[in-house]
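Chains A and B, in that order, give the protein sequences.
Each residue of the first sequence is one higher than the last, beginning at 1 in the working numbering.
Each residue of the second sequence is one higher than the last, beginning at 1001 in the working numbering.
Structure first, then comments.
Protein chains: 2
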Amino acid sequence: MYLAYTLFLYPIMTTLKELATLLNVSVSTVSKALNDSPEIGEDTKARVKKLAKELNYQPNRLAQQLKSNASKTIGVIVPNIVNPFFAEALHGIENYASKHQYDIIITLSNESFDKEARAINMLARGSVDGFIIAVARESQITKNSSHFQSILTNQIPLVMFDRVMENVNCAKVVVDDYQSVYKATTQLIDNGRKHVVLFSNIADLSVGKLRSKGYQEAMEAHHLNVAILDLNQEPDIDTHIKNYLQQHPETDAVVSIDHLTGIVALNIAQMLGKKVPQDFEVVGFGFTETQLLVNSQIAVIRQKGEDIGHKTVELLLEQIANKSNVASETVVIPNDFKGAFTG
Amino acid sequence: MYLAYTLFLYPIMTTLKELATLLNVSVSTVSKALNDSPEIGEDTKARVKKLAKELNYQPNRLAQQLKSNASKTIGVIVPNIVNPFFAEALHGIENYASKHQYDIIITLSNESFDKEARAINMLARGSVDGFIIAVARESQITKNSSHFQSILTNQIPLVMFDRVMENVNCAKVVVDDYQSVYKATTQLIDNGRKHVVLFSNIADLSVGKLRSKGYQEAMEAHHLNVAILDLNQEPDIDTHIKNYLQQHPETDAVVSIDHLTGIVALNIAQMLGKKVPQDFEVVGFGFTETQLLVNSQIAVIRQKGEDIGHKTVELLLEQIANKSNVASETVVIPNDFKGAFTG
DNA sequence: TTGTACGCGTTATCAG
DNA sequence: CTGATAACGCGTACAA
């Protein structure tokens, strides 16, 4: 005879208490019944479950989280999401996390220290069991890591990836930035290229520096001139690249250490009448779909975003499990090479 | 004299109760003091705040949320995040939400109905105050909207964007898919193109159908032959496009209704020796960076992902505010055109 | 001015 | 087998 009540109640979230009063039993009985406790008789279990189903009862997760002191949620902070590398990494993170029944809260720092710090402050108060972070540009440049230290001080598990800070003592997942660019540059030189220039719009980032270093040392090892075009934050990279290539017509190869300048360089070189890849070769940083976009006309150093994402979650869940063990290993996920270099 | 205690306690989350015992006052006094209640004396306020600062006290958000019955969090479910359109929309959503002190929990449906349904089930239990959803491919194809109905039944605010379901009665934000493709196609025809083909890998989606319809009706209005290459789910779109263009050498224009096939078609056409844009023209769907990638060689219909994201949040927050008012308006955000068509 | 008591929804312990 | 009680951490009406 609780039909009317039922109909009225239905839409809004049903609680244990409501079930209890409707069934004339105690709240704890209902809770145990729904959790299949052996303490409860089969008949009452059935009654409880039936009504719970009818009223579409769903336990409130906030309450469960508060009680258990675990949110089963990972806080992810990335500089932006439009960069396909981060998109892929997030994809990997989400997949692996959800496989392990973890939700993720994503926050974008927009490369800003403040926003990064605020996000940490919000999430570090019970909302998440741990953090996965790629450091904002501003934090990297200013070397301000106070907000990360506060995570560590609070014993909250933390994993950094790609953009990491050396002086923060936590687990890290990176790619072999130096190695892969060194190797790619060497390959170009072996192909007979003499005027290899590096294009970059991330010179100020940790990864940018490592990649530049790879290029630089490869060039120097072969006694070739180092030429770096730093497009950092330039709004109109098209024009700058065009100007450079016109002023340096001898250029016969480009190493791009980000996901954009390589493709742009390719297009412009073709517009300027260069034959690719016969007398002009490009190596770029890329991601899964890059290959489609450039149609094998350039070689790409492919960052395995999804794998990197997987790994970060793996490390984080380990830390969450063995609360004590603040492991701070650094895992390197080597880059792929896609698209054959010409000989 | 609580210094030793302090040092021991510091790392782990400080609670009101701990502050209270340390200060020999009641929990509520501490709470009020921290919230600057006029009931509390200035001196005690000072004492409380001082210790709170020392111990780095941060109120537990879960508890606050449970108490207030509001999570200040938006649940966002998108099919994937690698598609730059969704990445941009998410960017817009995150920015606008965070401006209004809302967090977002992002879940990826991976185009699967099950995952979408599970995500809703998890989040609809107190974790979020409302949903923003772009419908998974599978849900659209099977027309299964039961999980969405359950959101509505539970009175949880819901906004759909881009991929929407007509039979779900909620607010929606879409682009002018039909219109913009009709217009683009007409433009190509006006430019003298006679053999315009449509490339698509999203024929089965609501947006895909609308866009195809725009193309089709524009062609028919000019008594031209409709030609559609459906690359839906094909792994190797490169090859298919190449084959098509070789078998149909008369083709003088391509309309691509997704963010990939247009760029691929452009590259392949150039490889096949077509002069772009003199005797071959491409219109594609795109996003902010597309223009850079294709270097003005094709025109793009640009979906304003960020604006769309903004709008969804705006509508959702409205709904959250006037709980009663289940507004179900549909907002259309018109596409931009970038890159001049040649005449 | 401060403290007490209760509620948010859940679970766990301990009586009955 | 069932129920009362306490607890998670916070906020607040009410009492002192």
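Just so you know, even glycine gets a beta-carbon here, dropped at the ideal spot from N, CA and C.
Remember, it's a predicted structure, so these values are computed and weren't measured experimentally.
May I ask you to list, following chain order, the residues of the region 89-109 of chain A that have a beta carbon less than 8 Å from some beta carbon of chain B? L90, H91, E94, N95, S98, D103, I104, I105, I106, T107 and L108
Contact between the region 1221-1241 of chain B and the region 1251-1269 of chain B (3+ Cβ pairs under 8 Å): yes
Please decide whether I1081 of chain B counts as near chain A, where near means a Cβ-Cβ distance under 8 Å. What you label residue 1081 of chain B is simply residue 81 of the second sequence in a count that begins at 1. Closer than 8 Å to some Cβ of chain A, the Cβ of I1081 of chain B qualifies, so yes.
I'd like to know whether the C-beta atoms of D1177 of chain B and R1211 of chain B end up nearer to each other than 8 Å. Walking along the second sequence from the start, residue 1177 of chain B turns up at place 177. Walking along the second sequence from the start, residue 1211 of chain B turns up at place 211. The answer is yes: Cβ separation under 8 Å.
Using the DSSP secondary-structure output, state which residues sit across from F1131 of chain B in a beta bridge. Numbered from its first residue, the second sequence carries residue 1131 of chain B at position 131. According to DSSP, which records beta bridges pairwise, F1131 of chain B is partnered with B:G1075 and B:L1158.
To the nearest angstrom, how far is the alpha carbon of V174 of chain A from that of S180 of chain A? Position 174 of the first sequence, counted from the first residue, corresponds to residue 174 of chain A. Position 180 of the first sequence, counted from the first residue, corresponds to residue 180 of chain A. Near 12 Å, if we compare the C-alpha coordinates of S180 of chain A and V174 of chain A.
Look at the Cβ atom of G126 of chain A, then the Cβ atom of I320 of chain A, and state whether they are nearer than 8 Å. Position 126 of the first sequence, counted from the first residue, corresponds to residue 126 of chain A. Position 320 of the first sequence, counted from the first residue, corresponds to residue 320 of chain A. Contact: no.
Would you mind sorting P277 of chain A into buried or exposed? The rule is 16 or more other CB atoms within 10 Å of its CB. Here residue 277 of chain A is taken as the residue at index 277 of the first sequence, counted from 1. With 16 or more other Cβ atoms within 10 Å, it is buried.
Decide if the region 136-149 of chain A is in contact with the region 298-313 of chain A; the criterion is three or more beta carbon pairs, one per stretch, under 8 Å apart. no
Does the beta carbon of L365 of chain A sit closer than 8 Å to a beta carbon anywhere in chain B? Because residue 365 of chain A is not part of the residues shown, which for chain A are 1 to 343, the question remains open.
Look up S1139 of chain B in the DSSP assignment and say whether it is helix, strand or coil. Reading the second sequence from its first residue, position 139 is the one you call residue 1139 of chain B. Looking at S1139 of chain B - three-state DSSP - the assignment turns out to be helix.
Within this structure, are the beta carbons of A171 of chain A and S328 of chain A separated by less than 8 Å? Numbered from its first residue, the first sequence carries residue 171 of chain A at position 171. Numbered from its first residue, the first sequence carries residue 328 of chain A at position 328. Against a cut-off of 8 Å, the Cβ pair of S328 of chain A and A171 of chain A comes out as a contact.
On the three-state DSSP scale, how would you describe L55 of chain A? Within the first sequence, the letter at position 55 stands for residue 55 of chain A. DSSP places L55 of chain A in coil when its eight states are reduced to three.
Is DSSP giving I1308 of chain B helix, strand or coil here? For this step, residue 1308 of chain B is matched to residue 308 along the second sequence. If DSSP states are grouped into helix, strand and coil, I1308 of chain B belongs with the helices.
If we count the other Cβ atoms within 10 Å of its Cβ and call it buried at 16 or more, is S37 of chain A buried or exposed? As a first step, residue 37 of chain A is located in the first sequence; it is residue number 37 there, counting from the start. With fewer than 16 Cβ atoms within 10 Å of its Cβ, S37 of chain A is classed as exposed.
Hey, how far is the Cα of H223 of chain A from the Cα of E217 of chain A? As a first step, residue 223 of chain A is located in the first sequence; it is residue number 223 there, counting from the start. As a first step, residue 217 of chain A is located in the first sequence; it is residue number 217 there, counting from the start. Approximately 10 Å between the Cα atoms of the pair.
Among the residues of its own chain, which have a CB less than 8 Å from the CB of I1081 of chain B, if the five just before and after it don't count? On the second sequence, residue 1081 of chain B is found 81 positions in, with the first residue counted as 1. A1087, L1090, I1106 and L1108, listed in sequence order.
Exposure of Q140 of chain A, with buried meaning 16 or more beta-carbon neighbours within 10 Å: Position 140 of the first sequence, counting from 1, holds the residue named residue 140 of chain A. When all chains shown are included, Q140 of chain A counts as buried.
Can V1128 of chain B and R1163 of chain B be called in contact, C-beta distance under 8 Å? Position 128 of the second sequence, counting from 1, holds the residue named residue 1128 of chain B. Position 163 of the second sequence, counting from 1, holds the residue named residue 1163 of chain B. In this structure, V1128 of chain B lies away from R1163 of chain B, with their beta-carbon atoms at least 8 Å apart.
Does the distance from the C-beta atom of L1188 of chain B to that of V1283 of chain B stay below 8 Å? To locate residue 1188 of chain B, count along the second sequence from 1; it is residue 188. To locate residue 1283 of chain B, count along the second sequence from 1; it is residue 283. Cβ atoms of L1188 of chain B and V1283 of chain B: closer than 8 Å.
Taking the beta carbon of A299 of chain A as the centre, do at least 16 other beta carbons fall within 10 Å, making it buried, or is it exposed? Position 299 of the first sequence, counting from 1, holds the residue named residue 299 of chain A. By the neighbour-count rule (16 or more Cβ atoms within 10 Å), A299 of chain A is buried.
Can you tell me which of the three DSSP states L1062 of chain B falls into? Along the second sequence, read from residue 1 onward, the residue named residue 1062 of chain B stands at position 62. Here L1062 of chain B sits in helix by DSSP.
Hey, would you say F1113 of chain B sits closer than 8 Å to A1134 of chain B, going by beta carbons? If you number the second sequence from 1, residue 1113 of chain B lands on position 113. If you number the second sequence from 1, residue 1134 of chain B lands on position 134. Not closer than 8 Å, so no.
Which residues in chain A have a C-beta closer than 9 Å to the C-beta of R1302 of chain B? List them in chain order. Counted from its first residue, the second sequence places residue 1302 of chain B at position 302. The contacting residues do not exist; R1302 of chain B stays about 14 Å from chain A at best.
Taking a cut of 8 Å between CB atoms, which residues from the region 126-158 of chain A lie near chain B? Listed by position, the residues of the region 126-158 of chain A near chain B (Cβ gap below 8 Å) are G126, S127, S150, T153, N154 and Q155.
Rounded to the nearest angstrom, what separates E166 of chain A and N60 of chain A at their Cα positions? One-based indexing of the first sequence puts residue 166 of chain A at position 166. One-based indexing of the first sequence puts residue 60 of chain A at position 60. Cα to Cα, the separation comes out at about 40 Å.
Please report the straight-line C-alpha distance between L158 of chain A and E42 of chain A, rounded to a whole angstrom. Taking the first sequence and counting its residues from 1, one reaches residue 158 of chain A at position 158. Taking the first sequence and counting its residues from 1, one reaches residue 42 of chain A at position 42. Spanning the two alpha carbons is a distance of roughly 45 Å.
Where the beta strand (DSSP E) through L1231 of chain B begins and ends: Indexing the second sequence from 1 puts residue 1231 of chain B at position 231. In this chain, L1231 of chain B is not harboured by any beta strand (DSSP E), its DSSP state being neither H nor E.
With a threshold of 16 other CB atoms inside 10 Å of the CB of V332 of chain A, please say whether the residue is buried or exposed. In the first sequence, counting from the first residue as 1, residue 332 of chain A sits at position 332. V332 of chain A is exposed by the Cβ-count criterion.
Please determine if the region 1023-1036 of chain B and the region 1049-1058 of chain B are in contact, where contact requires at least 3 C-beta pairs separated by less than 8 Å. yes
Cβ of I333 of chain A less than 8 Å from any chain B Cβ? As a working mapping, residue 333 of chain A is identified with position 333 in the first sequence. By this cut-off, I333 of chain A is not an interface position.
Quick check: what's the CA-CA separation for P1011 of chain B versus T153 of chain A? Within the second sequence, the letter at position 11 stands for residue 1011 of chain B. Within the first sequence, the letter at position 153 stands for residue 153 of chain A. Because the pLDDT of P1011 of chain B is 45, which lies under 50, any placement of that residue in the model is unreliable, and the question is left without a value.
Assumed close pair E39 of chain A, K32 of chain A - CB separation to whole angstroms, cut-off 8 Å: Here residue 39 of chain A refers to the residue found at position 39 when the first sequence is read from its first residue. Here residue 32 of chain A refers to the residue found at position 32 when the first sequence is read from its first residue. With a Cβ gap of about 6 Å, E39 of chain A and K32 of chain A count as contacting.
What separation, rounded to the nearest whole angstrom, lies between the Cα atoms of Q155 of chain A and L317 of chain A? Numbered from its first residue, the first sequence carries residue 155 of chain A at position 155. Numbered from its first residue, the first sequence carries residue 317 of chain A at position 317. The alpha-carbon separation between Q155 of chain A and L317 of chain A amounts to approximately 14 Å.
Thinking C-beta only, is L1231 of chain B closer than 8 Å to N1201 of chain B? Reading the second sequence from its first residue, position 201 is the one you call residue 1201 of chain B. Reading the second sequence from its first residue, position 231 is the one you call residue 1231 of chain B. It is a contact, given that the beta carbons lie within the stated cut-off.
Spatial neighbours of L315 of chain A within its chain, please: C-beta separation below 6 Å, excluding the five flanking residues on both sides. Here residue 315 of chain A refers to the residue found at position 315 of the first sequence. So the qualifying residues of the chain are V159 and A171.
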